[in-house]
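Peer 1:
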Amino acid sequence: MSRIVRSVCPHGKRLGFFLLVSTLFEALPALAQDVVRPSLAGEEAAEARRQDIEHIPYNLVTGPIRYRISATLGFEYNDNINLSENSPEGDFIIHPLVTINALWPVTQLNTLRLDIGLGYAFYLDHSSQDTNGVLLTPGSQLALDVFVG
944 MSRIVRSVCP HGKRLGFFLL VSTLFEALPA LAQDVVRPSL AGEEAAEARR QDIEHIPYNL
1004 VTGPIRYRIS ATLGFEYNDN INLSENSPEG DFIIHPLVTI NALWPVTQLN TLRLDIGLGY
1064 AFYLDHSSQD TNGVLLTPGS QLALDVFVG
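Under our numbering, the first residue of the sequence shown is numbered 944, with each subsequent residue one higher.
1. Let me know the secondary structure DSSP gives TYR987 once reduced to three states.
2. What is the C-beta distance between ARG1009 and TYR1001, in whole angstroms, given that I count them as a contact (C-beta under 8 Å)?
3. For THR966, count neighbouring C-beta atoms within 10 Å of its own C-beta (all shown protein chains included) and say buried if the count is 16 or more, exposed if not.
4. Flag this pair as touching only if the stretch 1061 to 1072 and the stretch 1032 to 1048 have three or more C-beta atom pairs under 8 Å; answer yes or no.
5. If I measure Cβ to Cβ from LEU1055 and keep anything under 7 Å in the same chain, skipping five residues before and after, which residues do I get?
6. Can you pull the DSSP bridge partners for SER1013?
7. Looking at the unbroken beta strand (DSSP E) that takes in GLY1076, where does it start and where does it end?
8. Output needed for ASP1034: all residues of its chain with C-beta closer than 8 Å, excluding positions within five of it in sequence on either side, in chain order.
9. From the DSSP output, which residues share a beta bridge with ASN1025?
10. Considering only C-alpha positions, which residue in the set ALA991, LEU962, ARG957 and LEU1057 is nearest to PHE1090?
11. Give me, in chain order, the residues of the same chain whose beta-carbon lies closer than 6 Å to that of LEU1057; leave out the 5 immediate sequence neighbours on both sides.
12. Below 8 Å on the Cβ atoms is my contact criterion, and I expect ILE1012 with LEU1003 to pass it. Report the Cβ-Cβ distance as a whole number of Å.
13. Between the alpha carbons of THR1080 and ILE999, how many angstroms are there, rounded?
14. For GLY959, which three-state DSSP category applies?
15. Apart from the five residues on each side of it in sequence, which residues of its chain come closer than 8 Å, Cβ to Cβ, to ALA1093?
16. Ordered along the chain, which non-local residues of its own chain (more than five positions away) have a Cβ less than 8 Å from that of SER1083?
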């Protein structure tokens, strides 16, 4: 006994071949594309950045590197240094801090920046609460600005 199998679409093989060929040729590059033009936005941003760098105040220069060094001394009173609900203890705290901002224009468009603040906390009555190491300020950074193109 023989079975006759009929296709649902009588032109299925031709349609499949057409879809396969069109899919393969779709990936070829189009010949009517325009030439890529470089943007001037990067150059304008770099020029604005360079002008900003020239106006940054500094108090020390070594070669091309500009430094702004500052020192501060803070005083604080905390009425509950141990965060205790039953027996709170108060103390005066002294915070010395040194901040260094360094800027090096590596090239006309690229800059290397270091901003770091180092401090300490001295407790007058409870020296056991003094910081065990150096405190680093939250705004510290080492950044390299690179403009490409």
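Note that the Cβ used here is the ideal one computed from N, Cα and C, for glycine as well.
Peer 2: The relevant details are as follows:
1. The sequence given here places Glu at residue 987; Tyr does not occur at that position. In the displayed model, GLU987 falls within a helix according to three-state DSSP.
2. With a beta-carbon spacing of about 4 Å, ARG1009 and TYR1001 fall inside the 8 Å limit used to define contacts.
3. Under this definition THR966 is an exposed residue.
4. Counting Cβ pairs under 8 Å, three or more are found: they touch.
5. Excluding five sequence positions before and after LEU1055, the CB atoms of its chain that fall closer than 7 Å to its own CB belong to TRP1047, VAL1049 and LEU1087, given in chain order.
6. According to DSSP, which records beta bridges pairwise, SER1013 is partnered with THR1042.
7. No beta strand (DSSP E) holds GLY1076; DSSP gives it neither H nor E.
8. Contacts found: TYR1020, ASN1021, ILE1024, TYR1066, LEU1067, ASP1068, HIS1069 and GLN1072.
9. Answer is none; ASN1025 lacks a bridge partner.
10. That would be ALA991, whose Cα lies nearest to the Cα of PHE1090.
11. Residues ALA1045 and LEU1085 of the same chain have their beta carbon placed closer than 6 Å to that of LEU1057, with the five preceding and five following residues left out of the count.
12. Between LEU1003 and ILE1012 the Cβ distance is about 6 Å, and since that is below 8 Å, they are a contact.
13. About 21 Å.
14. Annotated three-state conformation of GLY959 is helix, per DSSP.
15. Nothing about residue 1093 can be reported from this structure: the residues present for the chain run from 944 to 1092 only.
16. Excluding positions up to five away in sequence, the list reads ASP1058, ILE1059 and GLY1060.
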